[in-house]
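Counting along the sequence shown from 1, when you hit position 88 you're at 101 in my numbering, and nothing is skipped either side.
We put the beta carbon where it would ideally sit given N, CA and C, even for glycine.
For clarity, every value in this text was computed on a predicted model and none was experimentally measured.
To keep things clear, I will list the structure first and then write my remarks on it.
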Amino acid sequence: MTCKTVHGSLPPTLTRLISRAKSTSNVKKNGIGDLGCDVPEVAIFIVQKILSDDEGLKYICATAERFFAVGSVLQEMVQSIAESPSPLLLKYIICCYQRLSDNPRACDALRNCLPDMLRDGTFNAYLRE
Numbered sequence: 014m015t016c017k018t019v020h021g022s023l024p025p026t027l028t029r030l031i032s033r034a035k036s037t038s039n040v041k042k043n044g045i046g047d048l049g050c051d052v053p054e055v056a057i058f059i060v061q062k063i064l065s066d067d068e069g070l071k072y073i074c075a076t077a078e079r080f081f082a083v084g085s086v087l088q089e090m091v092q093s094i095a096e097s098p099s100p101l102l103l104k105y106i107i108c109c110y111q112r113l114s115d116n117p118r119a120c121d122a123l124r125n126c127l128p129d130m131l132r133d134g135t136f137n138a139y140l141r142e
């Protein structure tokens with residue numbers, strides 16, 4: 014089972030940032046590129062920072078739509094890593110899933126929508142690094 018995409022459930026700024034990250038998986042943009050960072054890494058890092066705050070976690074997990082919107086983006090990023098490996102992006106994604114699991118409802122939902130690639134050993138070599 015996969016997480017469904019729900020548009021409009023995240024703040025517009027975050028939605029635009031995540032949308033750009035999905036569409037430019039290996040393209041460096043503007044000032045972010047000048048820092049040597051890929052847009053997806055920065056976008057997922059921002060999501061991780063939002064989730065690391067208790068209020069951010071509550072906000073994301075307050076509705077199924079918000080949770081599944083974030084879950085869908087994370088799942089797409091996992092799929093992109095399988096095609097174009099990025100250990101740093103994988104680290105940020107795992108931290109996001111770990112933080113989501115701190116919320117009981119989100120933890121239950123993750124049992125059904127955690128990407129198979131995070132369960133089947135696809136990324137074991139990167140996790141050993």
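- When the alpha-carbon of Thr-76 is set against those of Ser-99, Ala-95, Gln-88, Ala-122, the nearest one is in Ala-122.
- Ranking Lys-62, Asp-133, Cys-109, Asp-66 by CA distance to the CA of Ser-85 puts Cys-109 first.
- Taken atom to atom, the span from the alpha-carbon of Thr-135 to that of Pro-100 is near 12 Å.
- Apart from sequence neighbours up to five positions away, the residues of its chain that approach Cys-120 with a beta-carbon distance below 6 Å are Ser-114, ordered along the chain.
- For the pair Ile-57 and Leu-64, the CB atoms are not nearer than the 8 Å cut-off.
- Assigned with DSSP and collapsed to three states, Ala-77 falls in helix.
- Each residue's CA atom was taken as its position, placing Asp-66 and Ile-59 some 11 Å apart.
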